[in-house]
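Everything in the sequence shown is counted per our numbering, starting at 8 for the first residue and increasing by one. Even for Gly, the Cβ is constructed at its ideal location relative to N, Cα and C. Below: one structure, written as structure tokens.
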Amino acid sequence: MLKIIFLKTICIKRLSIILGLLTIFLTAPVFDEIKAQNKDETTISIWPARYTPSRVLATAGYGAKAAVKGIDPIIEAYQKLHPNVKIKVIGQAINKDIRRWMNTSLAGGTAPDIMWYLGDWAVEDYKKSWLVPINKYLEKPNPYITSGQPGSKRWRDLFLPGIDFWRAPNNDLYLILADQIQVCIYYNKEIFKKVGLDGPPKTWEEMMLAADKIQKSGSFGFAATGNNLHQLTWVSGWLTNFYHHSEIRRYDKNGDGILNKIEMATAVKNKSYTFTGQRNRQRLEQLKRYASYWQPGALGAGFADAMSLFVKGRAGMFVSYSPHLPTLMNDEKRKFDIGIFYLPVVDSATSKLISDNVPPTNKSMGYGSFQYSITNTAVERGTVDVSIDFLMFATQPNQINQMILEGGIALPGIYGAPHNPKLESFKESVSYAPAPYQEDDSMFDSVFSEKFLAITSPYLVGKQNLDETVRRLDAEALKAAKRILE
8 MLKIIFLKTI
18 CIKRLSIILG
28 LLTIFLTAPV
38 FDEIKAQNKD
48 ETTISIWPAR
58 YTPSRVLATA
68 GYGAKAAVKG
78 IDPIIEAYQK
88 LHPNVKIKVI
98 GQAINKDIRR
108 WMNTSLAGGT
118 APDIMWYLGD
128 WAVEDYKKSW
138 LVPINKYLEK
148 PNPYITSGQP
158 GSKRWRDLFL
168 PGIDFWRAPN
178 NDLYLILADQ
188 IQVCIYYNKE
198 IFKKVGLDGP
208 PKTWEEMMLA
218 ADKIQKSGSF
228 GFAATGNNLH
238 QLTWVSGWLT
248 NFYHHSEIRR
258 YDKNGDGILN
268 KIEMATAVKN
278 KSYTFTGQRN
288 RQRLEQLKRY
298 ASYWQPGALG
308 AGFADAMSLF
318 VKGRAGMFVS
328 YSPHLPTLMN
338 DEKRKFDIGI
348 FYLPVVDSAT
358 SKLISDNVPP
368 TNKSMGYGSF
378 QYSITNTAVE
388 RGTVDVSIDF
398 LMFATQPNQI
408 NQMILEGGIA
418 LPGIYGAPHN
428 PKLESFKESV
438 SYAPAPYQED
448 DSMFDSVFSE
458 KFLAITSPYL
468 VGKQNLDETV
478 RRLDAEALKA
488 AKRILE
């Protein structure tokens with residue numbers, strides 16, 4: 008009897024042990040999952056730049072009268088879906104020192120996990136290992152996109168062609184580009200009417216004649232900002248695409264129709280692209296012609312100064328871009344109607360070096376406000392996958408659309424997001440083919456861009472002759488080519 012009881016006890020104990028082990032085995036994944044969830048509580052940081060909420064940066068929003076939500080609603084929706092992830096927004100204004108701040112942060116390993124980045128800077132910086140290549144992630148499905156919709160099989164399919172524009176020489180992409188901004192020329196309709204202009208000019212010559220009429224009427228042809236590269240290189244770059252249109256095949260070694268930094272540096276090295284050549288000499292002469300209609304002291308003026316001059320009705324035209332539209336429309340000092348036109352084509356009426364059939368191109372292809380890269384900080388902290396997942400979530404049409412509409416500064420760069428009716432004037436130009444040539448501040452590198460400003464400025468106001476200007480530019484272009492090709 009005792010033996011039976013003993014055997015029963017042994018069996019019960021063994022059964023208990025087996026059941027216990029089985030329970031542990033079966034529930035281990037659950038416990039591991041809970042443990043993993045606790046362990047995987049993650050914080051990532053993002054610098055959204057133009058989509059920074061006003062709670063973080065008081066100056067956020069271009070002329071917005073109410074509080075700016077910016078990227079906050081997207082972050083809140085993501086955190087609700089992923090309670091183990093916290094996203095911190097970094098407040099940093101885009102100003103003339105922004106490139107220095109970015110470089111210092113990236114070099115020191117203190118950059119946000121996700122940060123706004125210019126495409127040409129990303130291409131310039133590719134050898135520094137500051138940014139995470141996104142090629143392989145673009146080939147993966149976006150789990151937040153409904154099956155059958157663009158992006159559900161490959162994230163890449165969600166984006167308009169601009170996503171591939173900034174491809175580095177190593178064939179890597181570093182930029183998630185989900186919207187598009189555009190350059191333009193705002194004009195004062197009252198001044199145009201006063202001087203007998205029925206509407207915006209269609210060609211460069213018509214624009215110069217319009218500026219001349221405006222100047223003679225007592226107003227300035229253009230409200231200009233000369234202490235930075237923006238207006239200067241937007242206009243000079245536009246001229247490049249007409250003066251050098253016939254040379255595209257000569258420089259375009261890979262045949263993609265876009266002249267990258269390597270191709271242009273090679274052209275400089277073999278002296279097929281020079282500033283002393285007639286095409287660039289004439290281009291600079293037209294740039295000086297444009298500058299002759301600036302207000303006095305324009306070289307020292309910032310964007311805010313130029314905008315103020317235009318808003319006060321003292322200039323007929325203002326070369327700018329879509330992000331300035333809300334500021335201009337909301338400025339109570341403005342007492343006139345604003346018109347918008349795209350940069351006009353340049354033809355043989357300006358130079359015999361230009362044919363009459365050169366089409367307009369999208370000058371701002373590859374530029375946006377939602378243009379984010381994942382940094383070396385995310386690599387160091389192990390947050391690359393979380394950062395990618397957040398960007399996949401953020402690029403859903405129903406998520407990004409609310410931010411784009413509130414901002415009023417950009418058009419969608421993804422399929423499925425409706426256009427902002429307030430930006431209808433920009434819709435046609437963003438549909439053009441990309442400009443083959445980049446501006447002078449992004450054709451080579453950032454060092455050359457600053458040299459371009461310093462060298463051309465005295466020429467534009469008559470303090471340096473053309474021969475000296477092109478000689479100095481050629482010397483700097485050769486140095487830039489060496490930096491790029493080494």
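query, result
"Rounded straight-line distance, which links the Cα of I411 to that of V92", "24 Å"
"F343 (DSSP reduced to helix, strand or coil)", "coil"
"Beta-carbon proximity list for T281, same chain, < 6 Å, skipping 5 on both sides", "D481"
"Cβ distance (whole Å) where W1 is taken to contact D127 below 8 Å", "Here the chain has residues from 8 to 493 only, and residue 1 is not among them."
"Beta bridge counterpart(s) of L180 as assigned by DSSP", "R174"
"Opening and closing residue of the alpha helix (DSSP H) in which A298 lies", "285 to 298"
"Alpha-carbon spacing of I265 relative to L125, whole angstroms", "17 Å"
"Helix, strand or coil at K3 according to DSSP, with G and I counted as helix", "The first residue shown for the chain is 8 and the last is 493, placing residue 3 beyond what the model contains."
"Residues bridged to Q378 [DSSP beta-bridge criterion]", "L184"
"Buried/exposed call for P119, threshold 16 Cβ in 10 Å", "buried"
"Q445 classed as buried or exposed, judged by whether at least 16 other C-beta atoms fall within 10 angstroms", "buried"
"Enclosing alpha helix (DSSP H) for M122 [first to last residue]", "Premise fails: M122 lies in the beta strand (DSSP E), 121 to 123, not in any alpha helix (DSSP H)."
"Beta-carbon proximity list for E146, same chain, < 7 Å, skipping 5 on both sides", "R161, R163"
"Residue span of the alpha helix (DSSP H) that contains T50, given as start and end", "Segment 49 to 54 is the beta strand (DSSP E) holding T50; no alpha helix (DSSP H) there."
"Cβ distance (whole Å) where W301 is taken to contact F229 below 8 Å", "6 Å"
"Best match in L204, S436, A440, Q409 for proximity to P425 [C-alpha to C-alpha]", "Q409"
"Option in N472, D392, N102, P404 with minimal Cα separation from G158", "P404"
"First and last residue of the uninterrupted alpha helix (DSSP H) at F317", "310 to 318"
"Bridge partners - N369, DSSP secondary structure assignment", "P441"
"Where P157 sits in the DSSP three-state scheme", "coil"
"In DSSP terms, what N142 is bridged to", "DSSP lists no partner for N142."
"Of the residues P176, I221, A114, the one placed nearest N267, counting alpha carbons only", "P176"
"Under 8 Å between C-beta atoms of N195 and G373", "no"
"C-alpha distance - A356 paired with L204, whole-angstrom precision", "20 Å"
"According to DSSP, residues forming a beta bridge with S243", "The partner list for S243 (beta bridge, DSSP) is empty, contrary to what the question assumes."
"DSSP state of Y194 mapped onto helix, strand, coil", "strand"
"Nearest to N261 (by Cα), restricted to the options S449, P443, D452", "P443"
"Best match in D354, A488, T153 for proximity to N277 [C-alpha to C-alpha]", "A488"
"Cβ pair count under 8 Å reaching 3, the segment 428 to 437 against the segment 329 to 349", "yes"
"Bridge partners - K93, DSSP secondary structure assignment", "T50"
"Three-state class that DSSP yields for G115 in the structure shown", "helix"
"Inter-stretch contact at 8 Å, needing at least 3 Cβ pairs: the segment 235 to 253 / the segment 456 to 475", "yes"
"Contact check, A385 vs D186, beta carbons under 8 Å", "no"
"Cβ-based neighbour list, L239, same chain, cut-off 6 Å, excluding 5 preceding and 5 following", "none"
"Simplified DSSP assignment, three categories, for Y328", "strand"
"Terminal residues of the alpha helix (DSSP H) in which G228 lies", "That residue, G228, is in no alpha helix (DSSP H); its beta strand (DSSP E) goes 227 to 229."
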